[in-house]
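Colleague: Got a structure for you, written out below as structure tokens; questions coming shortly.
2 protein chains.
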Amino acid sequence: MIYEDADIYLEWEESEIPWIKIFTQSPYKEITECPDALRAKLWKAYEIVEEAMIEYFRPDKMNMASFGNYVPRVHIHAMARFKEDSFFPEPMWGTKQREGRVQLPDFEPFETMLSQRLHEQFGEKKD
Amino acid sequence: MIYEDADIYLEWEESEIPWIKIFTQSPYKEITECPDALRAKLWKAYEIVEEAMIEYFRPDKMNMASFGNYVPRVHIHAMARFKEDSFFPEPMWGTKQREGRVQLPDFEPFETMLSQRLHEQFGEKKD
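Line order of the protein sequences matches chains S and W.
For the first sequence, numbering that gives the first Met the number 0 begins at 0 and goes up steadily by one.
For the second sequence, numbering that gives the first Met the number 0 begins at 0 and goes up steadily by one.
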């Protein structure tokens with residue numbers, strides 16, 4: 000678990016690439032079924048993850064997706080893609096192109112940075 | 000072309016399912032490189048498309064994606080998915096599961112409705 004509050008939580012997807020899933024705490028089937036404030040928070044959380052991934056991992060391209068066909072529960076995928084990953088330029092669900100050989104820095108400083116940014120953005124404002 | 004204004008345009012992707020692509024007029028590589036107002040408009044446009052597709056086509060699940068690995072230019076895919084389409088529950092970029100046999104109503108009334116809603120949302124407000 001990278002981050003959690005009353006509305007959302009973020010966790011890693013096990014992968015050769017940096018891949019994070021953003022879930023709502025309450026289950027909704029479709030993005031537009033989420034209350035407005037929660038949907039805005041999902042978009043904002045994705046933006047924070049994307050910016051942090053670009054800054055830290057310097058991917059060739061960011062990929063975003065929200066499917067939920069197997070388990071119809073809203074979650075957003077944020078994926079940092081590299082020309083030398085196993086599927087590029089196909090989506091991560093596409094046809095394998097090669098044996099991936101992505102070299103990545105340690106995830107721990109990234110996770111600390113991302114968690115801090117999410118807390119700063121969404122943390123309770125105290126007087 | 001389903002809709003166009005100074006910031007965005009929407010067009011159909013040829014497919015067995017209802018599939019719309021939302022582009023920015025100015026090319027940006029990543030979603031977070033878009034100016035705030037444009038990014039907010041992209042999310043809003045996706046929401047309007049998703050709601051209209053759910054209402055008109057009654058899909059089993061909505062799918063959203065933004066890749067741009069082949070052409071690194073921001074665009075969002077909105078896909079109405081059905082249990083009997085060729086790929087469900089895989090993403091449209093996944094492994095084919097069957098010969099699709101999706102029965103869909105005429106797209107024209109949908110396109111008229113969607114275009115109206117986008118104009119209402121984004122049209123110039125006149126005094």
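Even glycine gets a Cβ: it sits at the ideal position worked out from N, Cα and C.
Counting only beta-carbon separations shorter than 7 angstroms, does Trp92/W have a partner in chain S?
Modeller: With 7 angstroms as the cut-off, Trp92/W counts as an interface residue toward chain S.
Colleague: Please check if any C-beta of chain S sits within less than 7 angstroms of the C-beta of Thr23/W.
Modeller: False, the Cβ-Cβ gap to chain S never drops below 7 angstroms.
Colleague: Within the segment 66 to 125 of chain W, note down every full beta strand (DSSP E) run reaching 3 residues or more, in order along the chain.
Modeller: The segment 66 to 125 of chain W contains these whole beta strand (DSSP E) runs: 74 to 80.
Colleague: Indicate whether at least one CB of chain S lies closer than 7 angstroms to the CB of Val111/W.
Modeller: One point to set straight first is that residue 111/W is Thr, not Val, in the sequence displayed. No, its Cβ sits nowhere closer than 7 angstroms to a Cβ of chain S.
Colleague: Okay, do the segment 35 to 44 of chain W and the segment 101 to 111 of chain W touch, 3+ Cβ pairs below 8 angstroms being the bar?
Modeller: Touching, no, given that fewer than three Cβ pairs across the two stretches are closer than 8 angstroms.
Colleague: So which residues on chain W does Trp42/S lean against when the C-beta distance must stay under 7 angstroms?
Modeller: Correct list: Trp42.
Colleague: Ser65/S: buried (16+ other C-beta within 10 angstroms of its C-beta) or exposed?
Modeller: Buried.
Colleague: Would you call Asp126/S buried or exposed, if buried means 16 or more other Cβ atoms sit within 10 Å of its Cβ?
Modeller: With a pLDDT of 49 at Asp126/S, under the threshold of 50, the modelled position of that residue is not reliable, and no figure is offered here.
Colleague: How would you list, in chain order, the residues of chain W whose beta-carbon sits under 9 angstroms from the beta-carbon of Ile30/S?
Modeller: Simply Tyr45, Glu46, Glu49, Met61, Met63.
Colleague: Suppose you measure from the CA of Ala51/S to the CA of His76/S; what does that come to, to the nearest Å?
Modeller: Rounded to the nearest angstrom, the two C-alpha atoms are 14 angstroms apart.
Colleague: Mind checking Leu46/S: buried by the 16 CB within 10 Å criterion, or exposed?
Modeller: Note on identity: in this sequence residue 46/S is Glu, with Leu being the wrong assignment. Classification of Glu46/S: buried, given that the 10 Å Cβ count is 16 or more.
Colleague: Consider the Cβ of Pro71/W: report whether some Cβ of chain S lies at a distance smaller than 7 angstroms.
Modeller: It does; some Cβ of chain S falls within 7 angstroms.
Colleague: To be precise: take each residue of the segment 96 to 107 of chain S, compare its Cβ to all Cβ atoms of chain W, and keep it if any distance is under 7 angstroms. Which residues remain?
Modeller: Answer set for the segment 96 to 107 of chain S: empty.
Colleague: Quick check on Ser25/S: buried or exposed, where buried means 16 or more other Cβ atoms within 10 Å of its Cβ?
Modeller: So Ser25/S counts as exposed.
Colleague: Residues bridged to Trp18/S by DSSP?
Modeller: In the DSSP output, where bridge partners are listed per residue, Trp18/S has Met78/S.
Colleague: Hey, Ile1/S and Thr23/S: beta-carbon distance below 7 angstroms or not?
Modeller: Contact flag unset, no.
Colleague: Give the list of continuous beta strand (DSSP E) stretches no shorter than 3 residues that lie fully inside the segment 7 to 60 of chain S.
Modeller: Entirely contained in the segment 7 to 60 of chain S, the beta strand (DSSP E) runs reaching 3 residues are, in chain order, 7 to 11, 18 to 23.
Colleague: Give the interface partners of Ile16/W over in chain S, defined as CB-CB distance under 7 angstroms, in chain order.
Modeller: Per Cβ cutoff of 7 angstroms: no residues; Ile16/W is ~12 angstroms from chain S at best.
Colleague: Compare the C-beta of Pro88/W against all C-beta atoms of chain S and say whether one is closer than 7 angstroms.
Modeller: Pro88/W counts as touching chain S.
Colleague: Have a look at Arg80/S and Ala44/S and give me their C-alpha separation to the nearest angstrom.
Modeller: If I take the Cα positions, the gap works out to 19 angstroms.
Colleague: Between which residues of its own chain and Asp84/S is the CB-CB distance below 7 angstroms, once the five residues before and five after are set aside?
Modeller: Within the same chain, Asp84/S has close Cβ partners Glu15, Ile16, Gly99, Val101.
Colleague: Please state if the CB of Lys20/W and the CB of His74/W are separated by a distance shorter than 7 angstroms.
Modeller: For His74/W and Lys20/W, yes; Cβs fall inside 7 angstroms.
Colleague: Below 6 angstroms CB to CB, which residues in the same chain sit around Ser12/W once its five sequence neighbours on both sides are set aside?
Modeller: Reading the sequence as shown, one finds Glu at residue 12/W and not Ser. Once the five neighbours on either side are set aside, the close Cβ partners of Glu12/W are Trp18, Lys20.
Colleague: For Ala5/S, which of helix, strand or coil comes out of DSSP?
Modeller: Coil.
Colleague: If we ignore side chains and look at the alpha-carbon of each, how far apart do Tyr69/S and Pro88/W end up?
Modeller: Between Tyr69/S and Pro88/W, the C-alpha separation is close to 6 angstroms.
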